[in-house]
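Reading through the C-alpha cells given below for one structure.
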Amino acid sequence: MAKATIALYKDFLRTGRGADRVTAALVNALAARGYAMHVITQQRATEPLSVTFAPGVTCHRVRQVSLRSVAAFINKLLLRSAFGAWVLRLVPALDLMGRTSRRIQAVLRAIRPELILSSGSNECVELTYAGALPAPMIQLFHVYPPTCFASNKYRRADRLRAALPVAVECQVLLPAFRDLLRLYTRAPVTAIGNAIEWPVDEPLPSPEARERRIVYVAYFTKDKNHLELLEAFARLARAEAWTLDLYGSGSPEWERRIRTRVERLGLGGRVRFFGVTRTPRAILSRASICAYPSKVEGFGLALAEAMWCGLPCVGFADAPGVNGLLTHEANGLLAEPGPEAFARQLQRLIDDPGLRTRLGACAARTVRQAYAAPHIWQQWEDLVARHLTQAPANEDQ
C-alpha cells in the first residue's frame, strides 16, 4: 500500500532541459520510496514527453485550452490591466487561465491527492486560479526566485503574488535564495538542491587522461552568455592547442548569432558544436576545464555535473546560482564582469595544471557531499512527510 498519494503539476515536459530532468527525477525518487505519484501536464497525448517516468507513475494529460485568434488577442489585451483581469472573471468563455485551472482542478479532484507539488510559478497560478485546492500545496522554484517577479507582462507577477499565499511551504535550490523569497511569501522556505544520480565513490580521471578541451553545456539563449564566452576565448594566449566545445541547442536565431560570432573572431577551427548530449558524464570526464559564463541560474545543473566530474570551473562572480556553487579559489574561479576578466581566469587554468587538479578535486568533494541523490531524496521525503502528517513547519531548513 502506498504511503500517500502525491500529485505534481508541470505545464509541459517537452524540452528535456534541466527543469524537465529534475522534475522526472523527483517524481521517480518519491515513487521509489513508496508514494503513489501522479503527474499532471497540458502536453498533448500525441506529443512525446521529453523524460521517462518510472513504472507505476501515472501521467494525466489535461487538454489544452485554445481560443480562436480574435478571442486569444482579447484575452491577452484584457490581462494587461487589473480592470481587464476583472472583466475576464466575468466572461468565463474568454478567461483562458480560468478554463485551464478548472480542468487541472477536475483532475486533482479525481486523483484525491494528500499533497500537491507545483513545479513552477506559472504552474502555481494555473493550479490555484479556479479556487481552493483539495490538498496542501508545496511550491517549487527551479529558477532564481526574483526573476519570477521581475516582469509583470500580462500581470504575471501580480497573479503569482496573489497565488503564492496558498503554498504551505516553498522550496528553493540554494540556501542563498531563502532570504530573497521571503520578500514574497510568509510560508516557510526550504533549500533543497538538485540531485545528481552518479556514483559518489567514482574516482576522478587522472590529469593525463584529460584532453585540452574547455566545455560548456548550455541551451543557446541570451542568459547563457555564449557570446561573451567566445570573446573571452579569443583573448587567450598560448592556447592554440585548446578547443572550446559547446554542447546544447536553442532557437535558430541564437545559434546563428553564436556561429556568426565564431567566424567573426576567427575561431572556426577551435570552437566546436556538438548539439545536445545524452552522455554528459563521459564528456565532462574527458575535458580539462568547464567555462560557465551564464548570467543567472536557479541552480546550474550542468555546472554541478561538471564539478562532480572534477572539472575546475570558471563563472562570473555576479551571477546568481553560479556564485552559490562556486567559491573563488576554493572549488573554482569567479571572474569580475566582462570577457577580459573571464579570459584571465581561464588563462590561469590553462597555464597551471596543478591549479586545475586542486580546484577540480575540491569541486568534486563539494557537490558529491551536498548533492548526492540519496541525501537530496531524504530531504524531500522529510519535507513531504512534514505536511502529510500536518506537522507545522515553523523553521526554515
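Quick note on my numbering: the sequence shown kicks off at 30 and runs consecutively.
Backbone N, C-alpha and C fix where the C-beta goes; we use that ideal spot for every residue, glycine too.
In this structure, DSSP gives Y248 a state outside helix and strand, which the three-state scheme calls coil.
If one requires a minimum length of 4 residues, the alpha helix (DSSP H) runs lying completely within the stretch 306–331 are 309–315, in chain order.
A residue is called buried when at least 16 other Cβ atoms come within 10 angstroms of its Cβ; T75 does not meet this threshold and is exposed.
In the structure shown, Y183 falls within a helical segment according to DSSP collapsed to helix, strand and coil. By the Cβ neighbour-count rule, D49 is buried, with 16 or more other Cβ atoms within 10 Å of its own. With respect to I167, A192 sits apart: the two C-beta atoms are not nearer than 9 Å. CA-to-CA, the gap between A238 and A316 works out to about 9 Å.
Assignment of alpha helix (DSSP H) within the stretch 349–409, counting only whole runs of 4 or more residues, yields 368–380, 382–399 in chain order. Burial is judged here by how many other beta carbons sit within 10 angstroms of a residue's own beta carbon; E369 has fewer than 16 and is exposed. Within the model, the alpha-carbon separation for G389 versus T129 is close to 47 Å. By the C-beta criterion, the stretch 378–392 is judged to be in contact with the stretch 230–248, since at least 3 inter-stretch pairs fall below 8 Å. In the three-state reduction of the DSSP assignment, M66 falls in the strand class. Partner residues in the beta bridge of M166, as assigned by DSSP, are I145, A196.
Here the alpha carbons of L137 and Y213 stand approximately 26 Å from one another. Selection D187, P175, A216, A335 evaluated against L209 yields P175 as nearest (Cα-Cα). Within the DSSP bridge table, the entry for L273 names I243, V300 as partners. For F345, no alpha helix (DSSP H) segment is defined; the enclosing uninterrupted segment is the beta strand (DSSP E) at 342–345. In the DSSP secondary-structure assignment, I225 is bridged to A401. Comparing alpha carbon positions, the residue from D40, N57, M66 closest to M30 is M66. Contact between Y183 and R109 holds: CB atoms are separated by about 6 Å, below the 8 Å threshold.
Looking at S280, S278, G279, A263, the one whose alpha-carbon comes closest to that of T272 is A263. With distances taken between CA atoms, W337 lies nearest to R397 out of A139, H416, R397, A122.
DSSP places H416 within a helical segment (H, G or I) once states are collapsed to three. The way I'd put it, the stretch 319–332 does touch the stretch 243–258; three or more beta-carbon pairs between them come closer than 8 Å. Just so you know, the alpha carbons of V229 and Y276 end up roughly 24 Å apart.
In the three-state DSSP reduction, A191 falls in the helix class (H, G or I). Boundaries of the alpha helix (DSSP H) harbouring T52: 47–61, taken from the DSSP string.
Between the C-alpha atoms of G361 and C342 there is a straight-line separation of about 5 Å. A contact is defined here as three or more CB-CB pairs under 8 Å, and the stretch 132–150 meets this definition with respect to the stretch 90–101. By the Cβ test, the stretch 56–70 is not in contact with the stretch 347–358, since fewer than three Cβ pairs between them sit closer than 8 Å. Residue environment analysis places V99 among the exposed positions, since fewer than 16 neighbouring C-beta atoms fall within 10 angstroms of its C-beta. In terms of CA proximity to I405, L203 leads the group L203, R90, M126, F41.
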